[in-house]
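Read the structure below first, then the notes.
Numbering (the numbering used here), first residue to last: 13 to 100.
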């Protein structure tokens with residue numbers, strides 16, 4: 013989402029790897045889940061304008077996203093299949 017921050021919330025299942033990238037910076041990966049001792053986080057904020065990708069670390073993961081200000085499809089861009097960010 014180009015113009016809004018997105019908060020990812022973990023609900024159930026396996027942890028989720030969430031990769032985030034701001035143009036000109038390195039890709040940062042965090043894990044969404046409930047095992048705080050393992051470094052997982054129950055919520056992760058993706059700032060407005062950052063690219064993101066998510067993958068389940070198990071068979072399934074249930075998450076939700078809150079977008080603020082409200083989500084508008086006009087501000088949404090989906091990368092082409094196989095696209096990878098350029099590392100600095």
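For glycine and all other residues, C-beta sits at the position ideal for the given N, C-alpha and C.
(message) Can you find the residues in the same chain that come closer than 8 Å, C-beta to C-beta, to residue 26, ignoring five residues on each side of it along the sequence?
(response) If we look at residue 26 and ignore the five residues flanking it on each side, its Cβ neighbours are 45, 68, 69, 70, 71, 72, 73.
(request) Measuring alpha carbon to alpha carbon, tell me which of 96, 50, 23 ends up nearest residue 75. (result) Nearest option by C-alpha distance: 23.
(request) Closer than 8 Å by C-beta to residue 80: which residues in its own chain qualify, once you throw out the five before and the five after it? Chain order, please. (result) Result list for residue 80: 16, 17, 19, in chain order.
(request) Please go through the same chain and pick out, in chain order, the residues whose beta-carbon is closer than 7 Å to the beta-carbon of residue 86, but skip the five residues on each side of it. (result) Cβ neighbours of residue 86 beyond the five flanking positions: none.
(request) For residue 35, collect the residues of the same chain with a Cβ closer than 6 Å to its Cβ; drop the 5 residues on either side in sequence, then sort them by chain order. (result) No residues qualify anywhere along the chain.
(request) Ignore the nearest five residues each way along the sequence and tell me which others in residue 65's own chain have a CB closer than 6 Å to its CB. (result) The residues are 31.
(message) Need the endpoints of the beta strand (DSSP E) that residue 76 sits in, please.
(response) Residue 76 -> beta strand (DSSP E) spans 73 to 80.
(request) Output the boundary residues of the beta strand (DSSP E) element that contains residue 96. (result) Run containing residue 96: none; DSSP gives neither H nor E here.
(request) Please check the pair residue 33 and residue 62, which I expect to be a contact at CB under 8 Å, by giving their CB distance rounded to whole angstroms. (result) Contact holds; Cβ gap of about 6 Å.
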